[in-house]
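A.B. asks: Quick note on our numbering: the sequence shown kicks off at 1237 and runs consecutively. Using N, Cα and C, we set each Cβ at its ideal position, and we do this for glycine too. The structure displayed is predicted, hence computed values, not measured ones. Have a look at this one.
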Amino acid sequence: VADVNENVTLSKNVTIDGAGKQYIGTMTVNKGLTVTVENVNFVNGGIDKPKGQKSTTGTYTIKNCTFVDEGKYAYPLRFYGAATLNVENCTVKNYLYSFLYINGSTLNLNINNVTVEDCPNYAVYFATGVINATIEGLTVKNCPSGIVVNNTAARELTIKDCVMNNVGIAIK
């Protein structure tokens, strides 16, 4: 596997093992898939839904990845309505808004051992529709807000063993 410097669209079930290589660009994920992305060093990009697509239904696992931005890209992970989204053992630094943006009905969300640093807004943002979310081992450093949950965004939310350093509002 070599470093990749282009946008890629995933349109079938796949496991991507980046073997620690660098990925510059946006990895767009079509809906209804089972996708695992691991061991990728994302630079100035991330994983997103296709423009105009209202949902990303499917099962997605992102693990052992780093996401570093030069303050140009809004979110390293943006999902609209995944059946299951698992994010584990990742590091995120310097994105414009947050590490994770969820909007739409996501049935199961699991965040485990993720570190978010130097974000000018919030680390995790639930806009609407998370049914069951577990956040464990989240470390947030130098962000105005840690976890933001809009009034109807999370029906069941478990937060465990999280650390907030230099954070204005830990949970809002």
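1. Comparing C-alpha positions only, which one of Phe1362, Gly1382 and Glu1392 sits nearest to Tyr1316?
2. Put Asp1253 into one of helix, strand or coil per three-state DSSP.
3. Using DSSP with H/G/I as helix, E/B as strand and the rest coil, what is Phe1335?
4. For the beta strand (DSSP E) containing Tyr1296, name the first residue and the last one.
5. Look up Gly1365 in the DSSP assignment and say whether it is helix, strand or coil.
6. Quick check on Lys1257: buried or exposed, where buried means 16 or more other Cβ atoms within 10 Å of its Cβ?
7. Do Val1276 and Tyr1259 have their CB atoms nearer than 7 Å?
8. Excluding the 5 residues flanking Leu1336 on each side, which residues of the same chain have their C-beta closer than 6 Å to its C-beta?
9. Nearest CA to the CA of Asn1357: which residue from Val1304, Asn1378, Asn1322 and Asn1339?
10. Are the beta-carbon atoms of Thr1295 and Lys1267 separated by less than 7 Å?
C.D. replies: Looking at the atomic coordinates:
1. As a first step, residue 1316 must be located in the sequence shown, where it is residue number 80. The option with the nearest alpha carbon to Tyr1316 is Phe1362.
2. Position 17 of the sequence shown holds residue 1253. For Asp1253, the three-state secondary structure derived from DSSP is strand.
3. Numbered from 1 along the sequence shown, position 99 holds the residue referred to as residue 1335. Three-state result, Phe1335: coil.
4. To locate residue 1296, count along the sequence shown from 1; it is residue 60. From DSSP, the beta strand (DSSP E) with Tyr1296 extends over Gly1294 to Lys1299.
5. Residue numbering aside, residue 1365 sits at position 129 when the sequence shown is read from its first letter. In this structure, DSSP gives Gly1365 a state outside helix and strand, which the three-state scheme calls coil.
6. Residue mapping note: residue 1257 aligns to position 21 of the sequence shown, counting from 1. Within a 10 Å sphere around the beta-carbon of Lys1257 sit fewer than 16 other beta-carbons, which makes this residue exposed.
7. Locating residue 1276 in the sequence shown gives position 40, counting from the first residue. Locating residue 1259 in the sequence shown gives position 23, counting from the first residue. Closer than 7 Å, so yes.
8. Along the sequence shown, one-based indexing puts residue 1336 at 100. For Leu1336, where only same-chain residues beyond five positions count, the Cβ hits under 6 Å are Leu1313 and Val1360.
9. Taking the sequence shown and counting its residues from 1, one reaches residue 1357 at position 121. Distance check between Asn1357 and each of Val1304, Asn1378, Asn1322 and Asn1339 places Asn1378 closest, using alpha-carbon atoms only.
10. Within the sequence shown, residue 1295 is the residue found at index 59, counting from 1. Within the sequence shown, residue 1267 is the residue found at index 31, counting from 1. When the beta-carbon positions are compared, Thr1295 and Lys1267 stay at least 7 Å from each other.
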